[in-house]
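Chain order of the listed sequences is A and B. Quick note on the working numbering: the first sequence kicks off at 3 and runs consecutively. Quick note on the working numbering: the second sequence kicks off at 7 and runs consecutively. For glycine and all other residues, C-beta sits at the position ideal for the given N, C-alpha and C. These numbers were taken from a predicted model, which means no experiment stands behind them. Working notes for the structure below.
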Amino acid sequence: MDSGFMHQLLQQLINGLSLGSIYALIALGYTMIYGILKLINFAHGDIYMVGAYIGYVCTTIFHLPFLPSLLIAMAGSAVVGMIIERIAYRPMRNAPRIAILITAIGVSFFLENGMILLASPQPRTFSSEFSASVYHMGGLVINSQQIIILISTVVLMLALTYIVNRTKMGKAMRAVSFDADAARLMGINIDRVIGMTFALGSALAAAGGVLVGVYYNSIDPLMGMAPGIKAFVAAVLGGIGIIPGAMVGGIILGIVEALVSGFISSTFRDAAAFAILILILLYKPQGLFGKNVREKV
Amino acid sequence: MLEVKDLEVYYGAIHAVKGISLKVDDGQIVTLIGSNGAGKSTTLHTISGLIKPKSGSISFDGQELVGVPAHDIVGRGLVQVPEGRHVFSNMSVMENLDMGAYLRNDKDGIARDKEKVFELFPRLFERKGQMAGTLSGGEQQMLAMGRALMSRPRVLLLDEPSMGLAPLLVKEIFSIIKTINDEGTTVLLVEQNANMALSIADHAYVLETGRIVLSGTAAELAASEAVRKAYLGG
Numbered sequence: 003m004d005s006g007f008m009h010q011l012l013q014q015l016i017n018g019l020s021l022g023s024i025y026a027l028i029a030l031g032y033t034m035i036y037g038i039l040k041l042i043n044f045a046h047g048d049i050y051m052v053g054a055y056i057g058y059v060c061t062t063i064f065h066l067p068f069l070p071s072l073l074i075a076m077a078g079s080a081v082v083g084m085i086i087e088r089i090a091y092r093p094m095r096n097a098p099r100i101a102i103l104i105t106a107i108g109v110s111f112f113l114e115n116g117m118i119l120l121a122s123p124q125p126r127t128f129s130s131e132f133s134a135s136v137y138h139m140g141g142l143v144i145n146s147q148q149i150i151i152l153i154s155t156v157v158l159m160l161a162l163t164y165i166v167n168r169t170k171m172g173k174a175m176r177a178v179s180f181d182a183d184a185a186r187l188m189g190i191n192i193d194r195v196i197g198m199t200f201a202l203g204s205a206l207a208a209a210g211g212v213l214v215g216v217y218y219n220s221i222d223p224l225m226g227m228a229p230g231i232k233a234f235v236a237a238v239l240g241g242i243g244i245i246p247g248a249m250v251g252g253i254i255l256g257i258v259e260a261l262v263s264g265f266i267s268s269t270f271r272d273a274a275a276f277a278i279l280i281l282i283l284l285y286k287p288q289g290l291f292g293k294n295v296r297e298k299v
Numbered sequence: 007m008l009e010v011k012d013l014e015v016y017y018g019a020i021h022a023v024k025g026i027s028l029k030v031d032d033g034q035i036v037t038l039i040g041s042n043g044a045g046k047s048t049t050l051h052t053i054s055g056l057i058k059p060k061s062g063s064i065s066f067d068g069q070e071l072v073g074v075p076a077h078d079i080v081g082r083g084l085v086q087v088p089e090g091r092h093v094f095s096n097m098s099v100m101e102n103l104d105m106g107a108y109l110r111n112d113k114d115g116i117a118r119d120k121e122k123v124f125e126l127f128p129r130l131f132e133r134k135g136q137m138a139g140t141l142s143g144g145e146q147q148m149l150a151m152g153r154a155l156m157s158r159p160r161v162l163l164l165d166e167p168s169m170g171l172a173p174l175l176v177k178e179i180f181s182i183i184k185t186i187n188d189e190g191t192t193v194l195l196v197e198q199n200a201n202m203a204l205s206i207a208d209h210a211y212v213l214e215t216g217r218i219v220l221s222g223t224a225a226e227l228a229a230s231e232a233v234r235k236a237y238l239g240g
């Protein structure tokens, strides 16, 4: 194998890893909300957009540094997510699934067009303070933004894993997603747990939005559409409802896309994502981490 | 302590409970017996706040429970062990017990109560790290009961604890129910196994298609001709 090929491969793996991290952050929200409400929240990609805009306001208008901006965007989007759940989804809790799905699409349009009204449809660029420093390592190119994306994603995933597995709220989330009525019989306020799930999922998506804003240096009100769908593919790939599945699914998807654009053609990038969706639905519809759940009586 | 009056409950279009009144006094075991579909579980679900009644009242220590959300009812000391156990299969035995103690914050008290649960159900101790989904039916019933006890209930509502269990296990479970009651917890027991239920209960109600058709002390009902014919196999 010639070294040019290895080079290209490693370079694309690095690119794929950063792209995949973004997908994973969005996919986590999809999978958590699906796990708890059995709802595909089609507005989730737009929460990511909202996060990017809050990040833009913080960094570019108020000139805040990266970390506070990231945290403010996460907190702001968490509140937006909770409000959406409260106003749009909670009244539909006992409605047929299709009605809630349509509501989610409505919320998505509302957020996209609301942002167009608020911020104009023109793309915005993040302030130049965030332009990349580029590092060359043995011929490979890594820029500082990719490093920020990777570190942020790892920290957020560790935090989420801790919350879900170790804290009372996390355990309550798992209980509600497994059996909501049994959870109520434990004294768990399921409305509050569902609200918290939206808050957490939205905060992660917002983090993805800010990171993308910093990485690609351009955001617009419709930026959530494609990554929203890609992240959905990632969640299905890992097994929807399964948190580690969303992490791995996102990374795999990002790497596949990077390899396809690096070695074949970037025009086939999106096709690769959907080819994965079709294959997984055909051969392993429960996803990579999914089990056929069998219950003992 | 717990008093249900003229309860009417609809399950969708089905009129499942048609004007039930019953009373559970402090320290008693009261049982609701009757065949499948008589409205026993619906009555329990309504008391627990999982279903809203059409009309009627449920009072607990003089306070109205109708309209109170399910999670608050648990906080007031009324806890249900649902039919079919409903343990959290994806969590360990320990974590299931933690969920039972969800509303409590006294770490030491919770640890002590876990010890108590393990005393009552030694088999759970042997399996404490195991996923609940891998337990046998009897062990899951024990876990569901232990989990409910973790909230320190004043009234324990048990829905068909004998369902699907071997006769020997049923005996074991019922003797544990008796022990729980002896230690001061009031019990409202829903059962199809009328024989076993009447053997430990103080008072009993017989339900048929959403109505109470008979009530009395457990001894009276066990001796009654009608009950023997319909529910006790002779």
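Pull up the distance between the alpha-carbon of residue i and that of residue j, whole angstroms please.
| i | j | result |
| --- | --- | --- |
| B/Glu197 | B/Ile183 | 13 Å |
| B/Gly33 | A/Gln288 | 49 Å |
| A/Ala248 | A/Ile151 | 17 Å |
| A/Val299 | B/Gly143 | Because A/Val299 sits at a pLDDT of 40, beneath the cut-off of 50, its placement in the model cannot be relied upon, and the following sentence gives the value as read from the coordinates. C-alpha separation (whole angstroms): 6 Å. |
| B/Phe127 | B/Gly135 | 15 Å |
| A/Ile63 | A/Gly240 | 38 Å |
| A/Met139 | A/His9 | 11 Å |
| A/Tyr50 | A/Ile107 | 15 Å |
| A/Thr199 | B/Phe180 | 39 Å |
| B/Glu214 | B/Asp208 | 20 Å |
| A/Gly211 | A/Tyr218 | 10 Å |
| B/Leu84 | B/Glu189 | 16 Å |
| B/Leu171 | A/Ile190 | 29 Å |
| B/Leu13 | A/Ile282 | 51 Å |
| A/Gln14 | A/Ser135 | 19 Å |
| B/Gln147 | A/Ile192 | 24 Å |
| A/Arg186 | B/Ile53 | 13 Å |
| A/Asn145 | B/Glu121 | 55 Å |
| A/Ile149 | A/Leu103 | 36 Å |
| B/Pro202 | A/Val156 | Before going further, note that residue 202 of chain B is Met rather than Pro in the sequence given. So the two alpha carbons sit approximately 56 Å from each other. |
| A/Val143 | A/Leu12 | 10 Å |
Could you check whether the Cβ of residue i sits closer than 8 Å to any Cβ belonging to chain A?
| i | result |
| --- | --- |
| B/Ala76 | yes |
| B/Val196 | no |
| B/Val80 | yes |
| B/Glu166 | no |
| B/Gly73 | no |
| B/Leu103 | no |
| B/Tyr211 | no |
| B/Phe66 | no |
| B/Tyr16 | no |
Assuming residue i contacts residue j under a Cβ cut-off of 8 Å, what Cβ separation, rounded to an integer in Å, is found between them?
| i | j | result |
| --- | --- | --- |
| A/Ile24 | A/Pro229 | 7 Å |
| B/Ile206 | B/Ile35 | 6 Å |
| B/Val15 | B/Pro59 | 5 Å |
| A/Asn17 | A/Tyr32 | In fact, because the Cβ distance is near 23 Å, the residues do not count as touching under 8 Å. |
| A/Ser204 | A/Ala80 | 5 Å |
| A/Leu255 | A/Ile278 | 7 Å |
Can you find the residues in the same chain that come closer than 8 Å, C-beta to C-beta, to residue i, ignoring five residues on each side of it along the sequence?
| i | result |
| --- | --- |
| A/Cys60 | Leu66, Pro70, Ser71, Ile74 and Ala75 |
| A/Gly141 | His9 |
| B/Ser47 | Glu89, Asp165, Glu166 and Val196 |
| A/Arg296 | Annotation note: pLDDT 47 at A/Arg296 (below 50); position unreliable, no value reported. |
In chain order, what residues of the same chain have a beta carbon less than 7 Å from the beta carbon of residue i, not counting five sequence neighbours either side?
| i | result |
| --- | --- |
| A/Gly172 | Ile165 and Val166 |
| B/Ser41 | Gln198 |
| B/Phe124 | Leu130 and Phe131 |
| A/Leu224 | Glu114 |
| B/Val74 | Gly55 |
| A/Ala101 | Met94 |
| B/Gly81 | Leu109 |
With a CB to CB cut of under 6 Å and the five nearest residues on each side skipped, what residues in its chain are close to residue i?
| i | result |
| --- | --- |
| B/Asn102 | Val93, Phe94, Ala138, Leu149 and Arg153 |
| B/Tyr211 | Leu28, Leu38, Ile218 and Ser221 |
| A/Gly252 | Gly22, Tyr25, Ala26, Ala29 and Ala236 |
| A/Val82 | Val52 |
| A/Val262 | Phe270, Arg271 and Ala274 |
| A/Ser220 | Pro125 and Thr127 |
Is residue i close to chain B, meaning its C-beta is less than 8 Å from at least one C-beta of that chain?
| i | result |
| --- | --- |
| A/Leu290 | no |
| A/Lys298 | Only weak support exists for where A/Lys298 lies, its pLDDT of 41 falling under 50; the value from the coordinates is given anyway. Chain B, which has a Cβ nearer than 8 Å to the Cβ of A/Lys298, makes this yes. |
| A/Gly189 | yes |
| A/Asp48 | no |
| A/Ala174 | yes |
| A/Arg186 | yes |
Is residue i near the ligand FMN, going by C-beta to nearest heavy atom under 7 Å?
| i | result |
| --- | --- |
| A/Ala236 | Although the ligand FMN was asked about, the structure shown includes no ligands whatsoever. |
Which whole runs of the beta strand (DSSP E) in the region 158 to 200 of chain B are 3 residues long or more, in chain order? 161 to 165 and 192 to 197
Could you give the uninterrupted runs of the alpha helix (DSSP H) lying entirely in the region 97 to 142 of chain A, keeping only those of 4 residues or more? 99 to 121
Complete alpha helix (DSSP H) runs within the region 30 to 59 of chain A (minimum length 4 residues, chain order): 46 to 58
Start-end ranges of the alpha helix (DSSP H) lying completely within the region 67 to 137 of chain B, minimum 4 residues: 76 to 81, 99 to 106, 113 to 126 and 128 to 132
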